[in-house]
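Here's the structure we're looking at; comments come further down.
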Ligand code: AMP
Ligand code: GLY
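Numbering (the working numbering), first residue to last: 358 to 778.
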């Protein structure tokens with residue numbers, strides 16, 4: 358197939374890498390890709406979605422896969438479909454499940470899908486009143502997309518009220534904070550689950566755990582994610598079944614009833630409280646770095662799964678997973694997540710040790726390339742992925758690979774997968 362992938366991160370790199378490793382040969386294009394995706398296909402520079410759809414038609418692209426949420430919320434899927442193209446991802450309307458937390462919470466409430474008790478409002482009085490009924494910590498969320506920063510876990514009522522005021526006034530997140538959610542704090546452990554959906558049927562991938570904080574021991578500021586592992590032993594068959602019955606099935610049925618069937622990746626952020634899965638949030642795309650560890654665990658064709666999902670035929674296929682574990686360790690730039698960093702040359706040692714060469718790889722993200730040299734170009738630079746028969750083995754291999762990657766200011770957590778070890 359000729360496949361176009363939208364995005365530039367490690368997530369998109371890992372999807373492309375999995376497709377390139379399939380037996381069948383595929384030709385890949387990236388919009389915009391990064392400094393390493395050029396080793397897997399061709400990078401484009403076509404920002405306008407209508408022009409991109411023209412490119413896809415002129416070049417007979419068989420399948421487009423959308424990585425990040427922004428193009429989905431902007432309606433790239435609608436534009437491609439209007440042009441008769443096959444694209445994997447939710448429509449603009451269905452992408453509201455991530456694009457608007459108010460839409461998502463009201464949807465969960467309407468279809469009786471367990472979630473934290475909440476109020477959504479644009480009235481400071483109503484929000485304050487509900488805040489007073491809760492005990493701290495109190496969770497305050499801006500409605501719209503805030504690049505992962507729109508959630509405040511307030512440690513006191515005063516802090517919660519300050520956050521509410523700053524959101525409503527537009528001070529903290531502009532228009533994204535015009536509506537605010539206040540909700541109860543859930544105390545439990547967090548999971549990421551991913552269902553590949555075709556509107557009606559779905560395939561649930563292995564449950565993963567992300568590490569959102571910058572520093573070891575879950576300290577420091579929130580990031581996009583500093584590492585992940587899967588499958589997590591914190592999920593047993595019973596919990597998978599509860600998530601299927603109480604979250605995924607009613608979500609797919611509910612979105613059909615809403616007239617916005619959900620096609621694409623349903624990313625369910627779950628808090629497990631006393632053994633019960635409570636939905637924290639939905640995203641409408643793969644997690645990053647979760648995608649980087651889930652793709653190498655798939656032993657059946659990834660491109661076929663996305664193609665069948667995009668053509669509403671998931672029930673036709675059997676998806677197979679490896680029995681191994683994967684651990685991914687993010688290496689980030691010096692100033693991440695605060696500000697950009699100066700480009701720094703990346704030196705990759707030759708991996709001579711056979712065990713490491715055969716059981717690890719790198720998914721490249723924030724990298725640029727010039728004259729054959731790769732540069733760390735800010736943000737999360739790359740993910741070292743280790744595979745193994747145990748989580749410990751996978752983790753040890755991932756860290757050995759990290760030791761063979763060098764750039765000025767490199768930053769990484771040293772405790773990825775600690776919850777499982
Ligand atoms: P979200 O963007 O909604 O996933 O929120 C970001 C992070 O805030 C989540 O990954 C959780 O760690 C935390 N969080 C969100 N909502 C709650 C809640 N109701 N209780 C506890 N933690 C929460
Ligand atoms: N790693 C979490 C996310 O992609 O939102």
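Backbone N, C-alpha and C fix where the C-beta goes; we use that ideal spot for every residue, glycine too.
In the three-state reduction of the DSSP assignment, residue 368 falls in the helix class, which pools H, G and I.
Counted as a single uninterrupted DSSP element, the beta strand (DSSP E) harbouring residue 570 occupies residues 570 to 572. At a threshold of 7 Å, residue 400 does not count as near ligand 2, since its beta carbon sits no closer than that to any of the ligand's heavy atoms. Under the three-state reduction of DSSP output, residue 514 falls in the helix class.
Per the coordinates, the alpha-carbon of residue 562 lies some 6 Å from the alpha-carbon of residue 552. Distance from residue 532 to residue 501 at the Cβ level is roughly 7 Å; contact confirmed, criterion being Cβ atoms closer than 8 Å.
Residue burial annotation: residue 705 is exposed, with fewer than 16 other C-beta atoms found within 10 angstroms of its C-beta. Residue pairing by DSSP places residue 763 opposite 704 in a beta bridge. DSSP places residue 689 within a strand segment (E or B) once states are collapsed to three. The nearest non-hydrogen atom of ligand 2 is 7 Å or more from the C-beta of residue 456.
Inclusion of residue 485 and residue 538 in the CB contact set at 8 Å is not warranted, their separation being larger than that value. Taking the Cβ of residue 376 as the reference point, every heavy atom of ligand 1 lies at 7 Å or farther away. The beta-carbon distance between residue 708 and residue 761, rounded to whole angstroms, is 6 Å. This is short enough to meet the 8 Å contact definition.
If you check the CB distance, residue 535 and residue 602 do not come in under 8 Å. Taking all protein chains in view, the Cβ of residue 681 is crowded by 16 or more other Cβ atoms within 10 Å, so the residue is classified as buried. According to the DSSP assignment, residue 461 belongs to the alpha helix (DSSP H) that extends over 458 to 467. For the options 454, 369, 511, 380, the alpha carbon positioned closest to that of residue 388 is the one of 369.
Setting aside the 5 residues that flank it on each side, residue 452 is surrounded in the same chain by 429, 430, 641, each with a C-beta closer than 6 Å to its C-beta; the list follows chain order.
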